[in-house]
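**Q** Quick one: structure below, then a few questions.
Residue numbers (the working numbering): 290 to 552.
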């Protein structure tokens, strides 16, 4: 049975209005997904980004984490480098990341929309990012020291397409966020890609509240998402889950590791 929520009743016993109201009121600050425990699941890539991150951080002297969110993943690094800095654009996440990283002695710098990292050339021997909003390859190459490494897990093309189309209707083929485009952009910035892996991962939603919360948090799935605007589609999805069982979509991820050539 799916876990109970709110007043303790299982989600299967709660109405559409109750589930949507609860998910709309729930906070979405940071980049943790514990609110979905018992209500949605997503497979993880076999490469294990958190483990790779920890290993690279243990060997680094100065590291930068870009688009850190609430720093939930970065905070789990067991052996941080002597200098560790993160960037984040969304103000609520900046405050959360600063609290989260306080025990590591790491700094968090708020950045704007401009494609500029506010650091000197060659400041870091490691730059990382998990699910960056946009990868500024020229800036990453600039702030890396010669011989430095960029490690990133990124969103692949057409991720969660089934969910997007359940709300928006049929969509044209996905063109952005393709691994081949990432490789080309990295090489154009002067980096050498040494590792590239791709994964398609099953994601399962057990109730429409989980869908609503996910769409509020992962905003690129339905860029103009608003509960009132898409209430008929959400109601149809609610009835579909009740009649057919959990809604299944597929997340797409790719891992890219690139080096700045040594002098």
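We put the CB at the ideal spot given by N, CA and C, even for glycine.
Only a predicted model underlies this, so the values are computations on that prediction, with no experimental measurement involved.
1. Measuring only the C-alpha atoms, how far is residue 370 from residue 304?
2. Please specify which runs of the beta strand (DSSP E), each continuous and at least 3 residues long, are wholly inside the stretch 360-403, giving them in chain order.
3. Is any non-hydrogen atom of the ligand HEM found closer than 8 angstroms to the C-beta of residue 495, if you look at the structure I gave you?
4. Would you identify the three-state DSSP class for residue 356, choosing helix, strand or coil?
5. Excluding sequence positions up to five away, which residues of its chain have a Cβ less than 6 angstroms from the Cβ of residue 536?
6. Taking just the CA atoms, how far does residue 341 sit from residue 549?
7. Can you name, in chain order, every residue of its own chain whose Cβ lies under 6 angstroms from the Cβ of residue 385, other than the five neighbours on each side?
8. Looking at C-alpha atoms only, which residue of 446, 425 and 390 is the closest neighbour of residue 401?
9. Would you kindly work out how many angstroms separate the C-alpha atoms of residue 343 and residue 521, rounded to a whole number?
10. For the stretch 397-437, list the alpha helix (DSSP H) runs that are entirely contained and at least 4 residues long, ordered along the chain.
11. Quick one: what does DSSP say residue 504 is sitting in, helix, strand or coil?
12. Tell me the rounded alpha-carbon separation between residue 420 and residue 356.
13. List, from N- to C-terminal side, the alpha helix (DSSP H) runs of 4 residues or more that fit wholly inside the stretch 506-539.
14. I'd like to know whether the C-beta atoms of residue 376 and residue 415 end up nearer to each other than 9 angstroms.
15. Which residues does DSSP list as the beta-bridge partners of residue 342?
16. May I ask you to report which of helix, strand or coil DSSP gives residue 299?
17. What three-state label does DSSP hand residue 541 in the structure shown?
**A** This is what the structure holds:
1. If you number the chain shown from 1, residue 370 lands on position 81. If you number the chain shown from 1, residue 304 lands on position 15. Taking the straight line joining both Cα atoms gives about 49 angstroms.
2. 372-377 and 396-399
3. Among the ligands in the structure shown, none appear at all, so the ligand HEM cannot be discussed.
4. Looking up residue 356 in the chain shown gives position 67. If DSSP states are grouped into helix, strand and coil, residue 356 belongs with coil.
5. For the purposes of this step, residue 536 is identified with residue 247 of the chain shown, where counting begins at 1. Here the set comprises 494 and 530.
6. Reading the chain shown from its first residue, position 260 is the one you call residue 549. Reading the chain shown from its first residue, position 52 is the one you call residue 341. Distance between the alpha carbons of residue 549 and residue 341: 18 angstroms.
7. Here residue 385 refers to the residue found at position 96 when the chain shown is read from its first residue. Counting only Cβ-Cβ distances below 6 angstroms, and skipping sequence neighbours, we find 318, 319 and 359.
8. Within the chain shown, residue 401 is the residue found at index 112, counting from 1. The residue with the shortest Cα to Cα distance from residue 401 is 425.
9. Here residue 343 refers to the residue found at position 54 of the chain shown. Here residue 521 refers to the residue found at position 232 of the chain shown. About 44 angstroms.
10. 426-432
11. In the chain shown, residue 504 corresponds to position 215, counting from 1. Three-state DSSP puts residue 504 in a helix.
12. Your numbering for residue 420 matches position 131 in the chain shown. Your numbering for residue 356 matches position 67 in the chain shown. Their Cα atoms are separated by approximately 8 angstroms.
13. 520-533
14. As a first step, residue 376 must be located in the chain shown, where it is residue number 87. As a first step, residue 415 must be located in the chain shown, where it is residue number 126. No, the Cβ-Cβ distance between residue 376 and residue 415 is not below 9 angstroms.
15. Along the chain shown, read from residue 1 onward, the residue named residue 342 stands at position 53. Beta-bridge pairing links residue 342 to no other residue.
16. Within the chain shown, the letter at position 10 stands for residue 299. DSSP places residue 299 in strand when its eight states are reduced to three.
17. As a working note, residue 541 is residue 252 in the chain shown. Looking at residue 541 - three-state DSSP - the assignment turns out to be strand.
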